[in-house]
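Visitor:
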Amino acid sequence: MSVPDHPTAAALTAQPRYGDLDGHLIVAFEDPSCPRCAAFHDRVVPTIRDQLVEPGDAAFVFRNYPVVYAWGEPATQALEATFARDESAFWGLLDYYYRNQSRLSIDNVSRLTESFLAGTDLDETAVVADAESAAYDDAVQADLDAAEAGGVGRSTPAVALFRDGTFVTTANGSVSYDLIANTLGEA
Amino acid sequence: MSRSVPRLPTTRRDWRLMTRTARLVLSVPTYAVVASAASVAALTLFVVSLNVPLVSGVVVGGSLPLANRLRVLLELYPFVGTSFGTAQGGLLLVVAVLSGVDVSMAVYHLREHGLSLQTGGTTLAGVVLGTLGAGCAACGSAVLLGLASLLGVGSSLLFLPLDGLEFALGASVVLVVSIYWLADGMRGGRVAGCPVDV
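Going down the list, the protein sequences come from chains A and B. Each step along the first sequence adds one to the number in numbering that gives the first Met the number 0, with nothing skipped, and position 116 is 115. Each step along the second sequence adds one to the number in numbering that gives the first Met the number 0, with nothing skipped, and position 75 is 74.
(1) What is the rounded straight-line gap between the Cα of Arg48 of chain A and the Cα of Leu7 of chain B?
(2) Which runs of the alpha helix (DSSP H) spanning at least 4 residues fall entirely within the stretch 1 to 72 of chain A, listed in chain order?
(3) Could you work out which residue in A:Tyr135, A:Thr81 and A:His23 is closest to Pro54 of chain A when comparing CA atoms only?
(4) Give the residues of chain A in contact with Val57 of chain B, contact being defined as C-beta atoms less than 7 Å apart.
(5) List the DSSP bridge partners of Val158 of chain A.
(6) Here's the rule: buried if 16 or more other CB atoms are within 10 angstroms of the residue's CB, otherwise exposed. What is Thr169 of chain A?
(7) Where DSSP assigns a beta bridge to Thr165 of chain A, which residues make up the other side?
(8) Please tell me whether Leu90 of chain B and Leu168 of chain B are closer than 8 Å, where the distance is taken between their beta carbons.
(9) Terminal residues of the continuous alpha helix (DSSP H) containing Pro28 of chain B?
(10) Interface residues of chain A around Glu74 of chain B at Cβ under 8 Å?
(11) Restricting to Cα atoms, I'd like to know which of B:Gly88, B:Leu97, B:Val176 and B:Leu181 is closest to Arg222 of chain B.
(12) Taking all protein chains shown into account, do 16 or more other C-beta atoms lie within 10 angstroms of the C-beta of Asn161 of chain A, making it buried, or fewer, making it exposed?
(13) Measure the alpha-carbon distance for Ala88 of chain A versus Leu116 of chain A and round it to whole angstroms.
(14) Mind checking whether Leu25 of chain B and Ala36 of chain B have CB atoms under 8 Å apart?
(15) Let me check understanding here. Comparing Cα to Cα, which of B:Val173, B:Ser38 and B:Asp101 lies closest to Thr18 of chain B?
(16) What residue range does the alpha helix (DSSP H) around Ile105 of chain A cover?
(17) Name, please, each residue of chain B whose Cβ falls closer than 8 Å to the Cβ of Val126 of chain A.
(18) Name the chain B residues whose beta carbon is nearer than 9 Å to that of Leu43 of chain A?
(19) Kindly indicate the opening and closing residues of the alpha helix (DSSP H) around Phe19 of chain B.
(20) Between the stretch 2 to 12 of chain A and the stretch 32 to 41 of chain A, are three or more C-beta pairs nearer than 8 Å?
(21) Going by other Cβ atoms of all chains shown within 10 Å of its Cβ, with 16 needed for buried, is Pro65 of chain A buried or exposed?
(22) Could you please tell me which residues of the stretch 84 to 101 of chain B, in chain order, have their CB closer than 8 Å to any CB of chain A?
(23) So, does the stretch 66 to 74 of chain B touch the stretch 165 to 181 of chain A, judging by three or more C-beta pairs under 8 Å?
(24) Could you check what DSSP says for Thr81 of chain B in three-state terms: helix, strand or coil?
(25) Assuming Ser32 of chain A contacts Gly71 of chain A (C-beta within less than 8 Å), just tell me the rounded distance between them.
(26) Using 8 Å as the threshold, is the C-beta distance between Ser104 of chain A and Ala130 of chain A below it?
(27) Pull out every residue of the stretch 84 to 99 of chain A whose Cβ sits closer than 8 Å to any Cβ of chain B, in chain order.
(28) Thinking C-beta only, is Tyr17 of chain A closer than 8 Å to Val52 of chain A?
(29) Are the C-beta atoms of Ser140 of chain B and some chain A residue less than 8 Å apart?
(30) Where does Val96 of chain B sit, in a helix, a strand or coil, going by DSSP?
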C-alpha cells in the first residue's frame with residue numbers, strides 16, 4: 000500500500016516532521032508518559048535524524064498516541080496546542096516531557112507545561128488554556144484514529160515503516176535504529 | 000501422606016531441594032539441551048509476541064536479503080536491540096531461563112513419573128505471564144492498564160512502579176513455585192544416579 004493510501008499516514012503534512020517526504024517514511028506513534036517512548040526518543044530518534052533524515056533518505060513523522068498514563072492525555076493536548084503555534088517549541092516541549100516523566104502527574108502537568116513554555120516565545124497561558132479546553136482535540140483524535148485504522152496496536156512507541164513510498168510493516172516497542180534501517184533496506 | 004493444599008517453597012530446605020533437583024536434571028546432557036532450547040523458545044515467544052506483523056511480514060516474508068531479516072529478528076532480543084531497558088531485559092532473561100529449567104524438569108518428571116495437571120498448569124501460567132511481562136516491559140504498561148480498564152480501574156488510579164515488569168515478576172514467582180512442585184514430586188527418587196532428597 001502506498002503512503003497516501005495507508006491510514007497511519009492520514010493528514011501526513013499536518014504532523015510534526017523531520018525531513019522531506021520524498022524518500023522512506025517513519026511514522027512514530029508516541030505517548031509522552033510512556034517510558035519506552037522516552038528511551039526511543041532519547042536513543043533511537045537522534046540516530047534516525049543523523050543517518051537517514053539528514054542525508055535526505057527518510058522523513059520522521061511524529062503522531063500523538065496517549066494510551067499509557069493519565070497525564071499523557073493533557074500533555075498531548077498541550078503538544079498539539081503548541082505545535083499549532085510553533086513547531087520548534089513543540090519539539091522542545093516533547094523533550095521536556097520525556098526528560099521529566101518521573102515528576103509529571105495529572106495534578107501538575109498543566110503547571111509544569113506552563114512553566115516550561117514561559118521560557119519560549121509562546122504565550123504560555125494561552126497554550127495551557129487551549130490544552131485544558133481541548134481546543135485541538137480534533138488533531139489528537141486524528142492521530143488516535145490513524146493509529147486505530149492503521150492497526151498499530153497499543154504497545155508504545157509504535158512505528159509504521161514505508162520503504163520508498165510503500166508500506167512495509169509496523170513495529171512496536173522502542174525498536175533499534177538497526178532494526179529500522181534494515182527493514183528500510185538502508186543498513 | 001497426601002497433602003490437600005499445595006506447599007510453597009518457604010524454608011531453606013525447600014530451596015536446597017529445588018536447586019539440587021534442577022542441578023541433577025540439568026547434569027543429564029539431554030535435559031540440558033531441552034532446557035536451553037526451551038529458554039531460547041520462551042525468550043523468542045516473549046519478543047516475537049510483541050511484533051508479530053514485523054516478524055511475519057519482514058523476517059518470514061518480504062523481499063529483504065537473509066542477512067537483513069536475521070538482523071531484524073536479532074534486534075528484537077534484550078541486550079541486542081533497544082526494545083528493553085537493562086532491568087527489563089535482565090528480568091526477561093531470568094524468566095526465560097526459569098522457563099527452560101521448568102520445562103526440562105517437567106519433561107523429566109513426565110517421562111519418569113507422569114506429570115500432574117497442577118504442575119503442568121503452573122508451567123504454562125509462568126510462560127503466559129512472562130509473555131505479558133515482555134509486552135508491558137516494552138510498552139510502558141499500556142497492556143496492563145488496558146486490562147485494568149476492563150476491570151473498571153481507571154489508569155489515573157493505577158501506578159506501576161516497575162513500568163509493567165510486575166507481570167514478569169509474577170511469571171518468575173509462578174515458575175519458581177512450579178519448579179518447587181516438580182522437585183517436591185520427585186522427592187525420594189533418583190536423578191542421574193543421585194538421590195533427589197536433601
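No residue lacks a Cβ here, since even glycine has one placed at the ideal position from N, Cα and C. Values in this document were obtained by computation on a predicted structure and should not be read as measured data.
Guide: In short, the structure shows the following:
(1) 52 Å
(2) 34 to 42 and 44 to 47
(3) A:His23
(4) Ordered by position in chain A, the residues that pass the 7 Å Cβ test against Val57 of chain B are Val167, Thr168 and Thr182.
(5) Listed as beta-bridge partners of Val158 of chain A by DSSP are A:Ala27 and A:Ala170.
(6) buried
(7) A:Ser1 and A:Arg162
(8) yes
(9) Pro28 to Val47
(10) Listed along chain A are Val174, Ser175, Asp177, Leu178 and Asn181, each with a C-beta nearer than 8 Å to that of Glu74 of chain B.
(11) Because chain B in this structure spans residues 0 to 197, residue 222 of chain B falls outside the shown range and cannot be described.
(12) For the record, residue 161 of chain A in the displayed sequence is Phe; it is not Asn. Buried, by the Cβ-count rule.
(13) 8 Å
(14) no
(15) The shortest Cα separation from Thr18 of chain B among B:Val173, B:Ser38 and B:Asp101 belongs to B:Asp101.
(16) Counting along the chain, Ile105 of chain A falls outside any alpha helix (DSSP H), and DSSP gives it neither H nor E.
(17) Those do not exist, as Val126 of chain A stays about 23 Å from chain B at its closest Cβ, beyond 8 Å.
(18) Note that residue 43 of chain A is Val in the sequence shown, not Leu. Those within 9 Å of Val43 of chain A in chain B are Thr81.
(19) Rather than Phe, the amino acid found at residue 19 of chain B in this sequence is Arg. Here the alpha helix (DSSP H) through Arg19 of chain B covers Arg11 to Leu25.
(20) Taking 8 Å as the limit for Cβ pairs, the verdict is that the stretch 32 to 41 of chain A does not touch the stretch 2 to 12 of chain A.
(21) So Pro65 of chain A ends up on the buried side.
(22) The residues in question are Gly84.
(23) yes
(24) coil
(25) 3 Å
(26) no
(27) Taking 8 Å as the Cβ-Cβ cut-off against chain B, none of the residues of the stretch 84 to 99 of chain A qualify.
(28) Yes. Within cutoff.
(29) Unreliable placement is indicated for Ser140 of chain B, whose pLDDT of 48 sits below 50; no coordinate value is reported for it.
(30) helix
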